[in-house]
Amino acid sequence: MTTTPVHTLAPGRVHQRLIEPTVLAQLATLELVARSVVEGTLVGLHRSPTFGFSQEFAEYRTYMPGDDLRYIDWNVYARTDKTYIKRFFGDTNCQLMLLLDTSASMDPPEFPSPGAVSKIDYARFFSAALVYLAARQHDAVGLLAFNEGIGVYRRPVTKAATVRTLYHELDGLRSAGGTDWQKALEHVQGRLRKKSLLVVISDFYTEPDDLAQVLLGLAARGHDLLLVHVLDPGERQVQLKTAATLRDAETGEVMEVSPDELATDYPDRLRNHVEALKKLTIGMGGHYLQVDTDQPLDRTLSGYLRFRARHP
Amino acid sequence: MLLVSAAFLAGLIFLGVPWWLHRLSAHASEPRTFSSLFLMRPSEAPVHMRRKLQHLWLLALRLLLLSVACFAFAQPILELAGSADIEATSEPDRVIVLDTSLSMNRSGSGERAFSEAQQIARELVRTLPPGGRAAVVTVDNRIELNTP
Numbered sequence: 519m520t521t522t523p524v525h526t527l528a529p530g531r532v533h534q535r536l537i538e539p540t541v542l543a544q545l546a547t548l549e550l551v552a553r554s555v556v557e558g559t560l561v562g563l564h565r566s567p568t569f570g571f572s573q574e575f576a577e578y579r580t581y582m583p584g585d586d587l588r589y590i591d592w593n594v595y596a597r598t599d600k601t602y603i604k605r606f607f608g609d610t611n612c613q614l615m616l617l618l619d620t621s622a623s624m625d626p627p628e629f630p631s632p633g634a635v636s637k638i639d640y641a642r643f644f645s646a647a648l649v650y651l652a653a654r655q656h657d658a659v660g661l662l663a664f665n666e667g668i669g670v671y672r673r674p675v676t677k678a679a680t681v682r683t684l685y686h687e688l689d690g691l692r693s694a695g696g697t698d699w700q701k702a703l704e705h706v707q708g709r710l711r712k713k714s715l716l717v718v719i720s721d722f723y724t725e726p727d728d729l730a731q732v733l734l735g736l737a738a739r740g741h742d743l744l745l746v747h748v749l750d751p752g753e754r755q756v757q758l759k760t761a762a763t764l765r766d767a768e769t770g771e772v773m774e775v776s777p778d779e780l781a782t783d784y785p786d787r788l789r790n791h792v793e794a795l796k797k798l799t800i801g802m803g804g805h806y807l808q809v810d811t812d813q814p815l816d817r818t819l820s821g822y823l824r825f826r827a828r829h830p
Numbered sequence: 098m099l100l101v102s103a104a105f106l107a108g109l110i111f112l113g114v115p116w117w118l119h120r121l122s123a124h125a126s127e128p129r130t131f132s133s134l135f136l137m138r139p140s141e142a143p144v145h146m147r148r149k150l151q152h153l154w155l156l157a158l159r160l161l162l163l164s165v166a167c168f169a170f171a172q173p174i175l176e177l178a179g180s181a182d183i184e185a186t187s188e189p190d191r192v193i194v195l196d197t198s199l200s201m202n203r204s205g206s207g208e209r210a211f212s213e214a215q216q217i218a219r220e221l222v223r224t225l226p227p228g229g230r231a232a233v234v235t236v237d238n239r240i241e242l243n244t245p
């Protein structure tokens with residue numbers, strides 16, 4: 519594990535960036551990756567009862583199907599014949615749904631750039647960290663992996679054994695095919711009955727207006743949206759010494775491009791696209807997070823926690 | 098310069114082959130895969146001409162090698178220094194090679210063969226034009242050049 523320079527995040531506290539994506543890629547299991555990222559991030563942050571740090575008992579609530587049976591108070595059941603779930607300080611009773619783009623653009627040939635991991639791997643690591651964090655806070659967590667069709671769908675659950683299978687599902691994801699946003703988001707929309715936090719992780723190579731049509735439907739139903747826009751450093755600054763012919767990883771379209779155009783106009787178009795996505799998300803009351811695949815995951819997870827602080 | 102086998106120069110026609118192959122490779126270069134062309138715009142200037150320039154030195158080397166091979170097979174002969182003097186002389190020199198071996202002692206029609214050869218040689222020297230040159234080379238078990 520490498521240690522990057524010390525960075526101060528909170529007044530009076532020192533936070534050390536320990537988690538680099540390329541180092542995480544060497545770890546044996548995704549659960550270990552998730553634990554490393556979450557525990558590494560929580561060190562140095564203020565201990566807040568709203569994030570499940572404390573295991574101090576707070577109250578009971580009625581058992582609902584899907585709740586983890588380990589938290590049923592059997593003594594209360596023996597006395598009253600009613601099932602109650604223990605709640606602790608730190609439980610947010612939130613339902614988290616991860617939507618992960620597994621199209622071909624998430625892992626094209628000739629990427630990742632040096633010092634970075636592929637976009638699909640970064641999305642996988644971050645998703646695993648969110649699963650771990652949700653399990654820690656006794657939140658229900660589910661997964662939808664999609665490309666031009668629906669790959670994997672797991673409804674949100676709190677049961678520990680079922681949550682652990684999400685690591686296995688994330689591990690088995692591979693990047694291929696195109697992207698059908700409408701199919702993916704409508705699939706979720708029809709199945710989520712409870713207000714949820716939707717974390718959409720993708721490279722978002724699509725028109726913001728097309729995305730808006732389906733996202734607005736979800737926001738209108740009361741779901742909170744977090745868009746995590748993942749990009750490789752080589753996509754933000756495309757360096758070509760001479761003119762070249764490029765092929766689209768998803769559609770197979772071929773285009774001849776010049777280095778002058780890539781150096782001047784392309785960065786402006788990318789910047790405008792990012793701004794449009796940000797404006798779209800904020801307009802729906804959501805949050806937008808743009809990350810590069812060489813960025814330490816604790817920084818990304820901190821961005822997520824700041825969002826959760828505003829949407830408990 | 099003279100060319101012994103000038104027909105091999107027809108091989109210069111094949112200089113068109115590497116030229117054509119280079120143009121072919123310029124159009125057949127493998128595209129590089131990028132995540133998405135969603136934010137890309139096509140180049141307005143034709144790019145294949147710029148791509149040809151990358152292989153210009155290799156093309157020049159191939160053309161040079163092929164040209165050198167054609168000229169080598171044509172067997173050029175370069176003129177030596179002073180050879181112009183030979184061509185300026187109008188009357189060729191006479192070199193008489195006389196067989197002086199024992200077999201020349203045989204008798205022909207009343208005379209020995211050697212005597213007949215001597216008469217012929219004297220006649221050749223006698224009939225030399227003014228300024229002409231002659232030399233006699235005797236040949237038996239040795240070769241000797243006899244000049245005045």
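If you read the protein sequences in the order shown, they are chains A and B. Under my numbering, think of the first position of the first sequence as 519, with each following residue one higher. Under my numbering, think of the first position of the second sequence as 98, with each following residue one higher. The beta carbon of each residue, even a glycine, is placed where N, CA and C say it ideally should be.
Contact check for A:Y723 against B:F131 fails: the beta carbons are separated by 8 Å or more.
In the three-state reduction of the DSSP assignment, A:D619 falls in the strand class. Here A:A678 is exposed: its Cβ has fewer than 16 other Cβ atoms, across all protein chains shown, within 10 Å.
Contact check for A:P777 against A:L758 passes: the beta carbons are separated by less than 8 Å.
Assigned with DSSP and collapsed to three states, A:K604 falls in strand. Inside the region 679 to 736 of chain A, DSSP marks whole alpha helix (DSSP H) runs of 4 or more residues at positions 699 to 707, from first to last along the chain.
A:G669: member of the beta strand (DSSP E) spanning I668 to V675, first to last residue. Note on A:V756: 16 or more other CB atoms within 10 angstroms of its CB, so buried under the neighbour-count rule. For B:L156, the closest C-alpha among the options B:P189, B:A169, B:R120 and B:E141 is that of B:R120. Taking the Cα positions, A:E538 is about 51 Å away from A:R597. A:R739 is not a Cβ neighbour of A:L688, given a cutoff of 8 Å. By the Cβ criterion, the region 793 to 804 of chain A is not in contact with the region 652 to 660 of chain A, since fewer than three pairs of Cβ atoms, one from each stretch, lie closer than 8 Å. Distance from the CA of A:V792 to the CA of A:L745, rounded to the nearest whole angstrom, comes to 11 Å.
For A:L788, the nearest CB of chain B lies under 8 Å from its own CB, placing it at the interface with that chain.
Around A:A634, no beta-carbon contact reaches into chain B at under 8 Å, the shortest distance being about 13 Å. Judged by beta-carbon spacing, B:V236 lies beyond the 8 Å limit of B:A218, meaning their Cβ atoms are not closer than that value. Per DSSP, reduced to three states, the secondary structure at A:G633 is coil, with no helix or strand assignment. When the alpha-carbon of B:L163 is set against those of B:I110, B:E220 and B:R230, the nearest one is in B:I110. Straight-line spacing of the CA atoms in A:R824 and B:E127 works out to 45 Å. The beta carbons of B:L175 and B:P115 sit no closer together than 8 Å. In this structure A:G669 is buried. Its beta-carbon is surrounded by 16 or more other beta-carbon atoms within 10 angstroms. Remark: C-beta atoms of A:D591 and B:S133 do not approach each other more closely than 8 Å. The region 577 to 592 of chain A and the region 627 to 641 of chain A do not touch, with fewer than three beta-carbon pairs separated by less than 8 Å. For the set A:A702, A:L648 and A:K604, the Cα lying nearest the Cα of A:G821 is the one of A:L648. Nearest C-alpha to A:F664 among A:K701, A:L614 and A:K600: A:K701. The Cβ atoms of B:R129 and A:A762 sit closer than 8 Å to each other. Taking C-beta separations shorter than 6 Å and ignoring five residues to either side along the sequence, the partners of A:Y671 in its chain run L662, following chain order. In the three-state reduction of the DSSP assignment, B:R219 falls in the helix class.
For A:V556, the secondary structure class from DSSP, reduced to helix, strand or coil, is helix.
Secondary structure at B:A232: strand, using DSSP grouped into helix, strand and coil.
Within the DSSP secondary-structure output, A:M773 pairs in a beta bridge with A:L764. Per the coordinates, the alpha-carbon of B:Q216 lies some 41 Å from the alpha-carbon of B:L99. For A:Y640, no CB of chain B lies under 8 Å from its own CB, so it is not counted at the interface with that chain. Taking the beta carbon of B:R129 as reference, the chain A residues within 8 Å of it are E628, A762, T763, L764 and R765, listed in sequence order. Between A:G695 and the set A:T676, A:V809, A:K796 and A:G667, the nearest pair of CA atoms involves A:G667. Annotated as distal: A:D721 and B:R138, with beta-carbon spacing of 8 Å or more.
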